[in-house]
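Report on one structure; see the data block that follows.
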Amino acid sequence: MNTPVIGVLALQGDVREHLIALAAADAVARPVRRPEELAEVDGLVLPGGESTTISKLAVLFGVMEPLRARVRDGMPVYGTCAGLIMLADKILDPRSGQETIGGIDMIVRRNAFGRQNESFEASVDVKGITGDPVEGVFIRAPWVESVGAGAEVLAEHDGHIVAVRQGNALATSFHPELTGDHRVHSLFVDMVRGDRAAESL
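Per my numbering, the sequence shown starts with residue 465, numbered consecutively.
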């Protein structure tokens, strides 16, 4: 059985919820904090949280450069909310010292949907997800201002891009791990399986 090992960057944010969602989507899920742990996984989830804090901790733990290298080399990666910001090639309004991993040709705006007390849920039609719309939980969520030619828009909400894919990189503004609906995680697990199958040819 082709069961991929998928890590969740466990520096800050909703790590536990992603581990549960990945396990429900038939992956072996484990937290990743250090370069040696990153080297042992087939794919990685970048969770929500505070993107500036995650960025600084990734540098502090020595995992930022190895992570950039693996994403450049094609490791499947999925970012939610702050994770979407981490995967952007450009941030419109970066905080001082904030770095990104890059990997998706997109420009993002932090906290674009409002402050914590303006958080909301909305039904989102996501390309590649069959059945009912995905319930998106938006918490201080970013949106994607624009994408380059290599990036595919998977979903929009209220006229703004909220889900994007480019090659083996997937990103959503919202938090599917908080809803009990594991279809987005299943999509990512399938991406990782496909990548492993291609490597074995």
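Even for Gly, the Cβ is constructed at its ideal location relative to N, Cα and C.
* **Alpha-carbon spacing of residue 555 relative to residue 561, whole angstroms** => Cα to Cα, residue 555 sits roughly 12 Å from residue 561.
* Asked: Do the stretch 649-661 and the stretch 568-577 meet, that is, are 3 or more Cβ pairs less than 8 Å apart?
  -> The stretch 649-661 vs the stretch 568-577: no contact.
* Asked: Quick one: Cα of residue 549 to Cα of residue 535, how far?
  -> Distance from the CA of residue 549 to the CA of residue 535, rounded to the nearest whole angstrom, comes to 15 Å.
* From residue 592 to residue 615, what does the alpha carbon distance come to, in whole angstroms? -> Each residue's alpha carbon lies about 15 Å from the other.
* residue 595 versus 495, 648 and 499, residue with shortest Cα-Cα distance -> Nearest option by C-alpha distance: 648.
* Who are residue 570's beta bridge partners in DSSP? -> In the DSSP output, where bridge partners are listed per residue, residue 570 has 611.
* Asked: What are the start and end residues of the beta strand (DSSP E) that includes residue 634?
  -> For residue 634, the uninterrupted beta strand (DSSP E) segment begins and ends at 633-636.
* To do: Please list the segments of the alpha helix (DSSP H) lying wholly inside the stretch 513-577, counting only runs of 4 or more residues, in order along the chain.
  => As far as the stretch 513-577 is concerned, its whole alpha helix (DSSP H) runs of at least 4 residues are 515-524, 528-536 and 546-551.
* Asked: If you run the structure through DSSP and keep just helix, strand and coil, what is residue 650?
  -> In the three-state reduction of the DSSP assignment, residue 650 falls in the helix class.
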